[in-house]
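Just below is one structure, and these are the notes that go with it.
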Amino acid sequence: MPHHHVAHLILGAGPTGLGAAQRLRELGVTDYLILEKGAHPGGLSASFRDDHGFTWDIGGHVVFSHYEYFDRLLDDLLGRDYLAHQRKAMIRIAGAWVPYPFQNNIRHLPPDLQWQCIEGLLSLKDTAPTSGTPAHFHDWILQVFGNGIADLFLFPYNFKVWAHPPETMAWNWIGERVSVVDLRRVLKNVVFQQDDVSWGPNNLFRFPLYGGTGEIFSRLARRHADHLRLNAKVTRIDATARMVTCADGSAITYDNLLNTAPLDWLVLTALRTGSGPPEPVRAAARNLKHNGVHILGVGLDGTREDDTCWMYFPEYSNPFYRVTNFHNYSPNNTGRPGEQRALMAEVSFSGHKPVDGAALLHETISGLEDVELMRKDDAHRIVSTWEHAEDYGYPIPCLDRDAALNVIQPWLESLGIYSRGRFGGWKYEVGNMDHSVMQGVEWAERMVLQRPEATYSLPRTS
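FYI, the numbering for the sequence shown is 1 to 462, going by UniProt numbering.
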């Protein structure tokens, strides 16, 4: 059986794994290896080109940054091969298009629904002093937005995204992910009939000129081609021997292991140490929750005047929670730039929210017609369809998550195993592309420079 040893073994060639490799090399370390189970790098940030020349991402990714390091890396990787966009996002509700964020732009709703939202906000004046700490995400939504905005938008939309009831989710992950509400600001926008759309860290974003989001990580992976094995599916990790075995029978021993694959898979399937992980660790891993996503692309001949980047859909008359005008990100995402449109829809699923995958494309096209992104006579203009499913779409910030991570991660690190990234770390709030790259970068700095990590930290117990 082939065998060799590396100082630093990395599982997964997505943003976190490639970020770790990049920083190791910058620090002068060459004794590392990346194992990627798939045939391509990028993980959930990979892109695919279909038979008709359309490029599709695994969801509506946008590239923005909280980190100077990540900005410099993007500049180095892309050069001038990118487009810069100012976000324009809309919400489809009650037959109207409401600019994002919804709560700041309710003036676009019919008057009765405007009042429903305002009345809910006014009611908070009486309940806020006695409402107490929210028990879960459902309570937090009601305490911050009132029942008008909650019932009309936030409850249905969040279930369509997460595919888990908000009562099963914590609320302390939110941070910059959700725009909170200011009653004075809401009323001023209604009275003066003004839009308020500048909120959020992704208000400005970049996108590769060619190749989709995956182009970033394809270029990064090429820098590490001599340290990257594709189609290298890991079947077993012996933590005692510090040895990883792959499906082809090859084995690699290591000093330190960075896992970027799903944390529950690591603990419940791959990891072996003596008789296996102790039951408290396994029980904690079973408490981690996630959803899956279907991505459906519809490529059409013809163009339309619409500078919207993406759109949110809280209503249940269509299956998707978000649709991206992917041709607006880059015209090269279509087969004939400037002559075609690329509509990319996202649908979540879970045990709480099953979907019929076989019927989903038909339902998506019907839904696009229902929300007027396609006309009824556009069916003959469809030149390409694309479907992709990921069992791991979003790590759910469920009520048991923090306690589970506080059990699992210290135990893994006692074995020389570090688990980071969107699903390796299982923290949605630091699961953006820049966060994920930086988790790998900071792990490398911890290994080489003994520098503490800043982006990923264990939840506080108090």
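Note that beta-carbon positions come from the ideal geometry of N, C-alpha and C, so glycine has one too. Here the structure is a predicted model, which is why all the values come from computation and not from measurement.
- Burial of K427 is indicated by the presence of at least 16 other C-beta atoms within 10 angstroms of its C-beta.
- About 5 Å separates the beta carbons of L257 and I417, which is inside the 8 Å limit, making them a contact pair.
- Around the Cβ of A284, a 10 Å sphere holds 16 or more other Cβ atoms; the residue is buried.
- Under the three-state reduction of DSSP, S414 is assigned to helix.
- A distance below 9 Å separates the beta carbons of V281 and I408.
- One alpha carbon belongs to R185, the other to W140, and they sit about 20 Å apart.
- Under the three-state reduction of DSSP, L343 is assigned to strand.
- For A285, the enclosing alpha helix (DSSP H) begins and ends at 279-286.
- At a Cβ-Cβ threshold of 9 Å, S45 and T240 do not count as neighbours.
- Closest by C-alpha distance to H327, out of P314, W310, Y321, is W310.
- Within its own chain, the residues whose Cβ lies closer than 6 Å to the Cβ of A345, once the five positions on either side in sequence are excluded, are L296, F320, V323, T364, listed in chain order.
- A direct Cα-Cα distance of roughly 17 Å separates L412 from R422.
- Beta-carbon to beta-carbon, A170 and F137 are separated by about 7 Å, close enough to satisfy the 8 Å threshold.
- Per the coordinates, the alpha-carbon of V298 lies some 12 Å from the alpha-carbon of G335.
- With a threshold of 16 other beta carbon atoms within 10 Å, N158 meets it and is buried.
- Assignment of beta strand (DSSP E) within the segment 308-357, counting only whole runs of 3 or more residues, yields 310-312, 322-325, 340-349 in chain order.
- With respect to the 9 Å criterion, L109 and A96 are classified as neighbours on the basis of their beta carbons.
- Taken in chain order, the complete beta strand (DSSP E) segments of 3 residues or longer contained in the segment 223-267 are 234-238, 243-246, 251-259.
- At the C-beta level, L121 and I93 stay beyond 9 Å of one another.
- Between F313 and I118, the gap from beta carbon to beta carbon reaches 9 Å or more.
- Contact between the segment 427-438 and the segment 13-22 is established, with three or more Cβ pairs separated by less than 8 Å.
- T55 and G276 have their C-alpha atoms spaced approximately 43 Å apart.
- When Cβ pairs closer than 8 Å are counted between the two stretches, the segment 19-38 is seen to touch the segment 218-225, the count reaching three or more.
- In the displayed model, T55 falls within a strand according to three-state DSSP.
- T16: member of the alpha helix (DSSP H) spanning 15-26, first to last residue.
- Apart from sequence neighbours up to five positions away, the residues of its chain that approach M447 with a beta-carbon distance below 6 Å are N256, ordered along the chain.
- Cα atoms of A261 and A232: separation of roughly 13 Å, rounded to the nearest angstrom.
- Bridge pairing for Y82: P208 [DSSP].
- With 16 or more other Cβ atoms inside 10 Å of its own Cβ, T455 counts as buried.
- The DSSP-derived three-state label of F423 is coil.
- In the three-state reduction of the DSSP assignment, M169 falls in the strand class, which pools E and B.
- The beta carbon of E445 sits closer than 7 Å to those of R23, R451, all from its chain and outside the five residues before and after it, given in chain order.
- For V63, the three-state secondary structure derived from DSSP is strand.
- In this chain, the beta strand (DSSP E) harbouring T385 covers 382-390.
- The secondary-structure analysis by DSSP pairs Y32 across a beta bridge with H8.
- In this structure, DSSP gives R304 a state outside helix and strand, which the three-state scheme calls coil.
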